Each structure stands twice: as structure tokens, then as C-alpha cells.
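In what follows, a single structure is set out as C-alpha cells and then discussed.
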Amino acid sequence: MKLHTYGLLRNSFRPSQEIRTMRTYWRQRNDLVQAAARHIHRIQKALTQMNVQLANVLTDVSGLTGQAIIKAILAGERDPHKLAAFRDPRVKATEEEIARSLEGNWQEDLVFVLKQEQDAYEFCQKQMAECDRRLQDYLKQRKDRSAGADLPEEKRKTRLKNKKGNKPQFDLRRELFRMTGADLTRIDGIDVMTAMTIISEAGWDMSKWKTEGHFVSWLRLCPDNKISGDKLIGKGRLPSNNRVTIALKMAASSLRTSHSYLGAQFRRLKTRLGAPVAIKAMAAKLARLVYRMLSHGMQFIDRGADFYEAQHRHRQIHALKWKAARLGFQIIEAPAA
């Protein structure tokens with residue numbers, strides 16, 4: 199009977215109680231985030247049925263302006279101009295534009311649904327805050343593996359500008375660095391939420407996998423080549439519901455607009471191989487970088503998109519010279535005009 203290496207690797211992985219406890223808190227929090235998102239969608243639906251077109255002027259009704267307007271509606275306010283006065287200065291739409299989107303019919307049954315969904319959303323937020331407190335207390339009790347090293351200061355503008363969204367209400371990045379001794383967020387595409395998913399699912403001890411190739415295989419990010427008689431006869435797919443795999447694929451997808459070495463590499467792979475293959479390949483690349491940082495304490499340094507383009511140009515020139523030499527020609531580089 200033929201055994202699959204991945205199955206053996208997967209069955210042999212048994213996280214410690216320390217990891218399982220952290221994983222439980224994090225999974226519960228993620229479930230609450232998804233539940234809160236469902237309630238926001240239902241709030242939006244109830245508003246639309248009342249002809250309150252907040253979606254035309256606000257990108258997210260869970261923001262400060264949206265929540266202030268919804269709470270005022272539930273408190274009995276119906277004047278569109280008074281509701282529009284809750285506009286946050288950062289909102290691009292003017293008060294007049296918001297007021298025009300608040301000409302609702304205020305049906306009693308729909309207001310009731312709105313209240314139910316708003317209460318449920320606020321309850322989810324309360325539960326998430328409680329999860330954050332428990333998770334923070336638990337992480338603080340873990341062993342310090344940073345050896346007294348300082349957390350690298352975050353200077354990347356794209357990271358500093360990112361909205362908080364559903365991020366924990368404490369410095370999760372600092373706690374993860376203290377606990378693992380590595381700052382995975384230095385890798386482009388991996389934010390603190392992705393780093394927490396990786397640590398809570400796979401842990402920080404990479405000795406469970408002999409090599410980075412074994413780790414990639416466990417994540418099912420390796421090629422599924424069908425070989426017979428030392429010949430490649432086909433390629434298959436390796437579907438996976440591993441949360442780390444899903445998180446790394448999402449991180450790889452975010453590289454399409456990144457002005458970094460990894461971003462330039464992803465865009466070139468996407469052009470050559472298509473988006474699905476490029477996402478999987480870059481997810482495997484990110485997995486290898488994570489493995490190296492956690493197992494060897496290596497630091498990730500981004501050399502930038504320009505360095506990658508220059509490196510790629512050098513490889514192309516080298517390949518052209520090699521082909522020309524095989525055909526009996528010689529290529530001489532001409533100075534730029």
C-alpha cells in the first residue's frame with residue numbers, strides 16, 4: 199500500500215498544550231470577528247430596505263460615523279440633517295450628501311430588525327474585547343525567548359497607515375516577538391494577524407519538521423507531481439483547509455501592490471504563470487522564510503523592487519550571452535543612449 203508523506207507528517211504533528219490553549223483563544227476570536235461581520239451585513243440590509251443608503255456615502259457602517267448614526271436612529275432621531283451632523287471630519291462625503299442618503303421610510307419592523315442586529319454586533323465586540331484580555335494575559339505569562347533583544351521599530355509607511363480594523367486592542371506584535379524571539383511581520387505580506395495565526399497553529403518550535411521542505415509539504419504548498427518511470431506524467435492539486443496555508447495564501451495575494459522584493463517577484467510570477475500558481479508559489483516562499491526566522495533566528499531584510507528588477511535583468515543578459523555563445527555569436531553590451 200502506498201503511503202503519502204504529507205499524511206504521515208500531518209498525523210505526527212501534535213502541538214503542545216501551550217499552543218493549543220493559545221490556538222483556542224485565537225480561533226474563538228476569529229469566529230467572533232466573522233459573526234460580527236455577518237451582523238454588519240444584516241444591518242446594511244435593514245438600512246437598505248428602509249431606503250437609508252448609507253453605503254453610498256460611507257465605506258463601512260461599523261465605523262465611527264456609521265455607528266453614531268445607527269445609534270441615533272435607534273434612539274428615535276429621524277431628521278436626516280441631525281443624523282448627518284454625526285459625520286466624522288475624516289469622512290470624504292459632506293453633511294449634505296450624507297443627509298440626502300438618510301431619507302428613510304422608518305418601517306417599525308425594519309427598525310426592530312436593525313436594533314436586534316446592532317445589539318448582536320455590540321455583543322460580539324464585547325466578547326472580542328474579553329478574548330483580547332484573556333489572550334493578552336496568557337501571552338504575558340509565556341516564556342521570554344527574545345534574549346533581551348529590542349523589537350525593531352516599524353517604519354514602513356504602508357504598515358503605519360493600515361487601519362486597525364479587527365486587530366486586538368493590545369500590542370500583539372510585541373508579545374509575539376517576546377514569546378518567539380522573531381518578528382515575522384518584517385516579512386512583506388505578513389501582518390500581525392497572519393503572524394498570530396501561524397504561531398497559534400504551528401507554534402514557534404520548527405524542530406517538528408526536519409527541513410523547510412517538510413514544513414512546506416505539511417502546509418500542502420509543494421507541487422503534486424505525478425511521476426512514473428522517472429518521468430513527469432502530470433500535475434495535480436493539493437487542496438488544504440490548514441489555517442496557516444490559507445493565511446499565507448492571503449498574505450501572498452497582498453503582495454501584488456507591494457513595492458518590495460517579494461512584491462516584484464510575485465508580479466513576475468503572476469505574469470508568467472497566472473495568479474493561482476503565483477499565489478501558491480509565493481505562499482510557499484513565505485512559509486520558507488517563516489521557517490528560517492523561527493528555527494535559525496534569521497532576520498528578513500527587504501532589498502526592494504528595484505534590486506529584484508536589476509537582478510532579473512542581469513540573469514536575462516547572462517542567459518542571452520550563453521545562448522549566443524552556443525550559436526557561435528558574441529553579445530556586446532552597448533552604452534545606454
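The sequence shown runs 199 to 535 under this note's numbering. The C-beta atom is built at its ideal place from N, Cα and C for all residues, glycine as well. Bear in mind the structure is a predicted one, so any value in this text is a computation, not a measurement.
Grab me the residues of residue 372's own chain with a C-beta within less than 8 Å of its C-beta, minus the 5 sequence neighbours each way, in chain order. Position 174 of the sequence shown holds residue 372. Closer than 8 Å at the Cβ level, and outside the excluded window around residue 372, lie 349.
Measuring only the C-alpha atoms, how far is residue 528 from residue 514? The residue labelled residue 528 in the question sits at position 330 within the sequence shown. The residue labelled residue 514 in the question sits at position 316 within the sequence shown. The alpha-carbon atoms of residue 528 and residue 514 are separated by roughly 15 Å.
To the nearest whole angstrom, what separates the beta carbons of residue 418 and residue 440, a pair I think is in contact under 8 Å? One-based indexing of the sequence shown puts residue 418 at position 220. One-based indexing of the sequence shown puts residue 440 at position 242. Residue 418 to residue 440, Cβ: 7 Å. Contact.
How long is the line joining the alpha carbons of residue 474 and residue 307, rounded to whole angstroms? On the sequence shown, position 276 is the one that residue 474 refers to. On the sequence shown, position 109 is the one that residue 307 refers to. Rounded to the nearest angstrom, the two C-alpha atoms are 45 Å apart.
Touch check for the region 256-273 and the region 307-324: three-plus C-beta pairs under 8 Å? yes
Using three-state DSSP, classify residue 527 as helix, strand or coil. Walking along the sequence shown from the start, residue 527 turns up at place 329. Residue 527 sits in coil when the DSSP states are folded into three classes, being neither helix nor strand.
Under the assumption that residue 217 contacts residue 398 (Cβ atoms under 8 Å), give the Cβ distance between them as a whole number of angstroms. Counting from one through the sequence shown, the residue named residue 217 turns up at place 19. Counting from one through the sequence shown, the residue named residue 398 turns up at place 200. Yes, residue 217 and residue 398 are in contact; Cβ-Cβ is about 7 Å, under 8 Å.
Distance check for residue 407 and residue 355, CA to CA, integer angstroms please. Here the question's residue 355 lines up with position 157 in the sequence shown. Here the question's residue 407 lines up with position 209 in the sequence shown. Approximately 35 Å, taken between the alpha carbons.
For residue 383 and residue 265, what's the separation of their Cα atoms in angstroms? In the sequence shown, counting from the first residue as 1, residue 383 sits at position 185. In the sequence shown, counting from the first residue as 1, residue 265 sits at position 67. Rounded to whole angstroms, residue 383 to residue 265 spans 31 Å at the Cα level.
Selection from 347, 457, 451 that minimises the alpha carbon distance to residue 477: The sequence position of residue 477 within the sequence shown is 279, counting from 1. It is 451 whose Cα lies nearest to the Cα of residue 477.
State the DSSP-derived secondary structure class of residue 420, mapped to helix, strand or coil. What you label residue 420 is simply residue 222 of the sequence shown in a count that begins at 1. Correct three-state label for residue 420: coil.
Using only the alpha-carbon positions, how far apart do residue 338 and residue 365 sit? Along the sequence shown, read from residue 1 onward, the residue named residue 338 stands at position 140. Along the sequence shown, read from residue 1 onward, the residue named residue 365 stands at position 167. If you take the alpha carbons of residue 338 and residue 365, they lie about 18 Å apart.
CA-CA distance, residue 285 and residue 496? Start at 1 with the first residue of the sequence shown, and residue 285 comes out as number 87. Start at 1 with the first residue of the sequence shown, and residue 496 comes out as number 298. One C-alpha to the other measures close to 47 Å.
CB-CB under 7 Å to residue 386, same chain, minus the five flanking residues each way: which ones, in chain order? As a working mapping, residue 386 is identified with position 188 in the sequence shown. Answer for residue 386: 453, 456, 458, 460, 461, 500, listed in chain order.
Report the three-state DSSP secondary structure of residue 345 (helix, strand or coil). Looking up residue 345 in the sequence shown gives position 147. Here residue 345 sits in coil by DSSP.
Would you tell me roughly how many angstroms separate the C-alpha atoms of residue 508 and residue 517, rounded to the nearest one? In the sequence shown, residue 508 corresponds to position 310, counting from 1. In the sequence shown, residue 517 corresponds to position 319, counting from 1. Pairing residue 508 with residue 517, the inter-Cα distance amounts to about 14 Å.
So, helix, strand or coil for residue 286, using DSSP? As a working note, residue 286 is residue 88 in the sequence shown. Assigned with DSSP and collapsed to three states, residue 286 falls in coil, not helix or strand.
Counting C-beta neighbours from all protein chains within 10 Å, is the total for residue 237 16 or more, i.e. buried, or is it exposed? One-based indexing of the sequence shown puts residue 237 at position 39. Buried is the call here.
N- and C-terminal bounds of the alpha helix (DSSP H) containing residue 264: Residue mapping note: residue 264 aligns to position 66 of the sequence shown, counting from 1. Its alpha helix (DSSP H) spans residues 262-272.
Please name the residue in 469, 393, 467, 427 whose C-alpha comes closest to that of residue 224. The residue labelled residue 224 in the question sits at position 26 within the sequence shown. Comparing Cα-Cα distances from residue 224 to each of 469, 393, 467, 427, the minimum goes to 393.
Option in 414, 413, 416, 436 with minimal Cα separation from residue 424: If you number the sequence shown from 1, residue 424 lands on position 226. Of the candidates 414, 413, 416, 436, 436 places its Cα closest to the Cα of residue 424.
Please tell me whether, using a cut-off of 6 Å, the distance from the CB of residue 405 to the nearest non-hydrogen atom of the ligand HEM is below it. Of ligands this structure carries none, so the ligand HEM is not represented either.
For the candidate residues 533, 522, 493, 244, whose alpha-carbon lies nearest to that of residue 314? Taking the sequence shown and counting its residues from 1, one reaches residue 314 at position 116. Considering only alpha carbons, the answer is 244.
Beta-carbon separation (whole angstroms), residue 263 vs residue 231, contact threshold 8 Å: On the sequence shown, residue 263 is found 65 positions in, with the first residue counted as 1. On the sequence shown, residue 231 is found 33 positions in, with the first residue counted as 1. Here residue 263 is actually not in contact with residue 231; their C-beta atoms are around 21 Å apart, not less than 8 Å.
Using C-beta distances below 7 Å, list every residue in its chain close to residue 484, excluding the 5 sequence neighbours before and after it, in chain order. What you label residue 484 is simply residue 286 of the sequence shown in a count that begins at 1. So the list reads 385, 387, 388, 446, 449, 450, once near-sequence residues are dropped.
From residue 275 to residue 281, what distance separates their C-alpha atoms? In the sequence shown, residue 275 corresponds to position 77, counting from 1. In the sequence shown, residue 281 corresponds to position 83, counting from 1. Looking at the two C-alpha atoms, the distance is approximately 7 Å.
Quick one: what does DSSP say residue 391 is sitting in, helix, strand or coil? In the sequence shown, the residue the question calls residue 391 occupies position 193. Helix at residue 391.
Exposed or buried, what is residue 520 when buried is set at 16 or more other beta-carbons lying within 10 Å of its beta-carbon? Taking the first residue of the sequence shown as 1, we reach residue 520 at position 322. By the Cβ neighbour-count rule, residue 520 is exposed, with fewer than 16 other Cβ atoms within 10 Å of its own.
Go ahead and label residue 299 buried or exposed: buried means 16 or more other beta carbons lie within 10 angstroms of its beta carbon, across all protein chains shown. Residue 299 sits at position 101 when you count from the first residue of the sequence shown. Buried.
Proximity of residue 481 and residue 442 at Cβ, strictly below 7 Å: Numbered from its first residue, the sequence shown carries residue 481 at position 283. Numbered from its first residue, the sequence shown carries residue 442 at position 244. No; because the gap between Cβ atoms is not below 7 Å, this pair is not in contact.
Taking the straight line between their C-alpha atoms, what separation do you get for residue 330 and residue 426? As a first step, residue 330 must be located in the sequence shown, where it is residue number 132. As a first step, residue 426 must be located in the sequence shown, where it is residue number 228. Straight-line Cα distance between these residues: approximately 52 Å.
Would you mind stating whether residue 301 and residue 278 have Cβ atoms separated by less than 7 Å? By 1-based counting over the sequence shown, the position of residue 301 is 103. By 1-based counting over the sequence shown, the position of residue 278 is 80. Yes; because the gap between Cβ atoms is below 7 Å, this pair is in contact.
How should residue 522 be labelled, buried or exposed, when 16 other C-beta atoms within 10 angstroms of its C-beta is the threshold for buried? One-based indexing of the sequence shown puts residue 522 at position 324. With fewer than 16 Cβ atoms within 10 Å of its Cβ, residue 522 is classed as exposed.
Could you spell out the range, first to last residue, of the alpha helix (DSSP H) harbouring residue 301? Numbered from its first residue, the sequence shown carries residue 301 at position 103. Taken as a continuous stretch (DSSP letters only), residue 301 belongs to no alpha helix (DSSP H), as it is neither H nor E.
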